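J.: Chains B and L supply the protein sequences, listed in that same order. Take the first sequence: its position 39, counting from 1, is numbered 39 in my numbering, and each next residue is one higher. Counting from 1 along the second sequence, just add 95 to a position and that's the residue number in my numbering. All C-beta atoms, glycine included, are put in the ideal place defined by N, C-alpha and C. Bear in mind that the values here come from a model prediction, so they are computed numbers and not experimental data. My structure is below; once you've seen it, I'll send some questions.
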Amino acid sequence: VSRYGVDKLMRHVAQDPNTIREFKDHPEEVIRAFELSEAETRALRDLDYVALYASGAHPQLLLRFIMSVWPGDRRALYAAYPSSVAPHGRPDYST
Amino acid sequence: VAQLVGIFGITHNPFLPGLIQSDPEDPAIVNIVRDYGRMRERLRTLRPDLLIMVASDHLNEWFNDNMPAFLVGKAASANGPYPHEERERGLARYRARVDVPAARSILQQGLALGVDFSFSDEFLMDHAFTVPLNFLRPEMDLPIVPIWTNVMAPPLPPAERFYAVGRALRSIVERLDRVERVAVLTSGHLALDVGGPMPHTDSADRAFDTRMMALIRKGEVATILREASYDRLSAVGNATPGFLNYVLILGVANGAPPTETGLHFPRATAAAPFMIWDLTGGAA
């Protein structure tokens with residue numbers, strides 16, 4: 001696993017509208033440049049933020065990333081996020 | 096030599112500028128607006144010719160490829176916030192001139208006093224700097240020296256180190272030449288969880304907020320240092336280590352209690368604390 005690589009990708013993607021669009025259009029191409037594990041690739045591609053949280057993605061980067069690429073209702077995501085990750089407690093997110 | 100005239104601590108909550116517009120009837124927001132106005136006025140009447148601002152960065156400028164614990168910015172100008180913060184939060188821009196000779200002195204004297212500051216000649220400031228600066232010095236006329244602390248990417252320096260760096264900064268300020276009146280401003284947090292299990296619409300732990308502000312008000316440094324370990328802070332919200340910036344300015348105050356404090360709980364976001372040390376009355 002590469003928490004650093006996941007954090008680096010999330011930070012890269014969320015930084016501007018171009019990188020956000022790139023990720024939304026071709027997530028696997030973007031992910032490929034970051035040398036991540038299969039599980040990490042799958043979680044990022046599927047926008048499985050609960051799995052990313054549980055595996056130690058940096059919480060602040062994760063929220064910024066998922067809000068930036070979420071295709072649905074971002075308000076609903078924002079409201080649902082805390083209780084969705086809560087069962088996983090506070091995973092260590094040091095890299 | 097320079098005189099330290101005042102120390103200010105405030106939150107940098109990026110939702111506050113918007114809430115002041117959208118929820119002006121919230122009694123806490125009313126009080127925050129009043130208190131920030133008083134802080135702005137106090138800063139003005141202290142007539143500083145240099146503002147040292149100590150704040151954090153939210154993995155915008157500094158990242159885990161090269162993460163400084165404490166860093167002095169010595170580029171000629173300091174601008175912010177990040178474009179994505181402007182775009183998504185509608186945050187106002189801030190642009191300040193950096194007092195580069197003062198930044199160099201802080202860096203050099205810090206190294207001599209055992210504080211191995213990193214430095215940078217190129218950076219943007221994120222909302223941790225721009226939100227408080229826009230509240231307290233909207234004129235953008237005061238030269239600043241920005242100093243970053245790592246409160247985001249563990250392992251962090253322990254609370255004792257934040258306090259010691261604050262003490263060193265006090266000694267450094269009082270040896271600065273070419274400036275006469277110096278103010279220090281920091282921004283930080285009380286209990287706050289961002290991207291964690293706590294709802295984003297309230298303090299992550301009001302009991303923590305109230306207790307820590309009471310300890311600051313009394314200048315109970317030993318207790319604060321004991322209770323501000325990384326584990327204890329992050330147990331009440333993953334962003335709560337932002338509290339360590341308040342520990343640093345307690346060090347700048349040599350542990351003296353503030354001359355004025357406030358704590359408000361807006362109904363839609365985390366607690367908004369403030370603290371002022373007016374040092375012109377010989378209080379500290």
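1. Does the beta-carbon of Ser200 (chain L) have 16 or more other beta-carbons within 10 angstroms, so that it is buried, or is it exposed?
2. In chain order, what are the residue ranges of uninterrupted alpha helix (DSSP H) at least 4 long that sit wholly in the stretch 304-377 of chain L?
3. Name the chain B residues that come within less than 7 Å of Ala388 (chain L), Cβ to Cβ?
4. Give me, in chain order, the residues of the same chain whose beta-carbon lies closer than 8 Å to that of Leu343 (chain L); leave out the 5 immediate sequence neighbours on both sides.
5. Can you find a C-beta in chain L that's less than 8 Å from the C-beta of Val85 (chain B)?
6. Return the residues of the stretch 133-161 of chain L that lie within a Cβ-Cβ distance of less than 9 Å from chain B, sorted by chain order.
7. If you follow the alpha helix (DSSP H) that Leu63 (chain B) is in, where does it begin and where does it stop?
8. Please classify Ser117 (chain L) as buried or exposed, where buried requires at least 16 neighbouring CB atoms within 10 angstroms.
9. Output yes or no for whether 8 Å exceeds the beta carbon distance between Gln98 (chain L) and Val277 (chain L).
10. Can you name the residues of chain L whose CB is closer than 7 Å to the CB of Leu63 (chain B)?
11. Cutting at 6 Å between CB atoms, please list the residues of its own chain near Ala299 (chain L), excluding the five before and the five after it.
12. Can you pull the chain L neighbours of Ala14 (chain B), defined as C-beta to C-beta under 8 Å?
13. What does DSSP give as the partner residues of Gly175 (chain L) in its beta bridges?
14. Using a C-beta to C-beta distance shorter than 9 Å, which residues of chain B count as neighbours of Pro334 (chain L)?
15. Identify whether Arg278 (chain L) lies in helix, strand or coil by the three-state DSSP scheme.
16. Does the distance from the CB of Val96 (chain L) to the CB of Asp373 (chain L) come in under 8 Å?
17. Helix, strand or coil for Val210 (chain L)? Go by DSSP, reduced to three states.
18. Can you tell me whether Leu138 (chain L) is buried or exposed? The criterion is at least 16 other CB atoms within 10 Å of its CB, across all chains shown.
19. Comparing C-alpha positions only, which one of L:Ala207, L:Met235, L:Pro250 and L:Gly337 sits nearest to Ile105 (chain L)?
20. Closest by CA to Phe103 (chain L), which one among L:Pro196, L:Gln203, L:Glu136 and L:Pro122?
21. Kindly indicate which three-state DSSP category Phe218 (chain L) falls into: helix, strand or coil?
22. Counting only Cβ pairs nearer than 7 Å, list the residues of chain B close to Pro294 (chain L).
23. For Val193 (chain L) versus Gly175 (chain L), is the C-beta spacing smaller than 8 Å?
24. When you compare only the Cα positions, how much space is there between Ala363 (chain L) and Asp121 (chain L)?
25. Specify the secondary structure class of Gly291 (chain L) as computed by DSSP and reduced to three states.
26. Are the stretch 305-315 of chain L and the stretch 237-251 of chain L touching by the rule of at least three beta carbon pairs closer than 8 Å?
27. Answer yes if the stretch 69-78 of chain B comes into contact with the stretch 13-25 of chain B, meaning at least three C-beta pairs across the two stretches below 8 Å, and no otherwise.
28. Do we get a CB-CB distance below 8 Å when we pair Met220 (chain L) with the residues of chain B?
29. Cutting at 7 Å between CB atoms, please list the residues of its own chain near Gly350 (chain L), excluding the five before and the five after it.
30. Are the C-beta of Met95 (chain B) and some C-beta of chain L separated by less than 8 Å?
31. Identify the contact partners of Asp7 (chain B) in chain L, using a Cβ-Cβ distance below 7 Å as the criterion.
32. Please report the straight-line C-alpha distance between Glu269 (chain L) and Pro143 (chain L), rounded to a whole angstrom.
33. For the stretch 88-95 of chain B against the stretch 124-136 of chain L, are there 3 or more C-beta pairs whose distance is under 8 Å?
34. Can you give me the C-alpha to C-alpha distance between Phe212 (chain L) and Ala76 (chain B), rounded to a whole angstrom?
35. Closest to Phe218 (chain L) by CA distance: which of L:Arg232, L:Pro352, L:Pro196 and L:Arg190 is it?
36. Can you check which of these residues, L:Ala170, L:Ala302, L:His107 and L:Leu154, is closest to Asn164 (chain L) by C-alpha distance?
T.: On the basis of the supplied data:
1. So Ser200 (chain L) ends up on the buried side.
2. Listed in chain order, the complete alpha helix (DSSP H) runs (minimum 4 residues) inside the stretch 304-377 of chain L are 316-322, 325-330 and 339-347.
3. Chain L is shown only over 96 to 379; residue 388 (chain L) falls outside these bounds and no answer can be derived.
4. Cβ within range, chain order: Val149, Thr244, Phe257, Tyr258, Val260, Gly261, Leu264 and Thr281.
5. Yes, Val85 (chain B) lies at the interface with chain L (some Cβ there is under 8 Å from its Cβ).
6. Within the stretch 133-161 of chain L, the residues whose Cβ lies closer than 9 Å to some Cβ of chain B are His153, Leu154, Asn155, Phe158, Asn159 and Asp160, listed in chain order.
7. Segment Pro59 to Val69, the alpha helix (DSSP H) holding Leu63 (chain B).
8. Classification for Ser117 (chain L): exposed.
9. Cβ atoms of Gln98 (chain L) and Val277 (chain L): closer than 8 Å.
10. For Leu63 (chain B), the neighbours in chain L by C-beta distance under 7 Å run, in chain order, Val289 and Gly290.
11. Closer than 6 Å at Cβ, skipping near neighbours: Ala286, Leu287, Asp288, Met293, Val331 and Gly332.
12. Here the neighbours are His179.
13. Partner residues in the beta bridge of Gly175 (chain L), as assigned by DSSP, are L:Tyr189.
14. A small fix is needed here, since residue 334 (chain L) is Ala in this sequence, not Pro. Here the neighbours are Pro59 and Gln60.
15. According to the sequence shown, residue 278 (chain L) is Ala rather than Arg. When DSSP states are grouped into helix, strand and coil, Ala278 (chain L) belongs to the strand group.
16. Their beta carbons are not under 8 Å apart, which means Val96 (chain L) does not touch Asp373 (chain L) by this criterion.
17. The DSSP-derived three-state label of Val210 (chain L) is coil.
18. Buried.
19. The candidate whose alpha carbon is nearest that of Ile105 (chain L) is L:Gly337.
20. The option with the nearest alpha carbon to Phe103 (chain L) is L:Glu136.
21. In the three-state reduction of the DSSP assignment, Phe218 (chain L) falls in the coil class.
22. What Pro294 (chain L) touches in chain B: Pro82.
23. No. Outside cutoff.
24. Near 9 Å, if we compare the C-alpha coordinates of Asp121 (chain L) and Ala363 (chain L).
25. The three-state reading of DSSP puts Gly291 (chain L) in coil, since its state is none of H, G, I, E or B.
26. No contact exists between the stretch 305-315 of chain L and the stretch 237-251 of chain L.
27. A contact is defined here as three or more CB-CB pairs under 8 Å, and the stretch 13-25 of chain B meets this definition with respect to the stretch 69-78 of chain B.
28. Judged by the 8 Å Cβ criterion, Met220 (chain L) is not in contact with chain B.
29. So the list reads Gly314 and Val316, once near-sequence residues are dropped.
30. In the sequence as displayed, the identity of residue 95 (chain B) is Thr instead of Met. Chain L places a beta carbon closer than 8 Å to that of Thr95 (chain B), counting this residue as a contact.
31. Neighbours of Asp7 (chain B) across chain L, judged by C-beta separation under 7 Å: Asn159.
32. Spanning the alpha carbons of Glu269 (chain L) and Pro143 (chain L) requires a straight line of approximately 13 Å.
33. Counting Cβ pairs under 8 Å, fewer than three are found: no touch.
34. The straight-line gap separating the alpha-carbon atoms of Phe212 (chain L) and Ala76 (chain B) is approximately 43 Å.
35. The shortest CA-to-CA distance from Phe218 (chain L) to any of L:Arg232, L:Pro352, L:Pro196 and L:Arg190 is the one to L:Arg190.
36. Contrary to the premise, residue 164 (chain L) reads as Ala rather than Asn in this sequence. Cα-wise, what sits closest to Ala164 (chain L) is L:Leu154.
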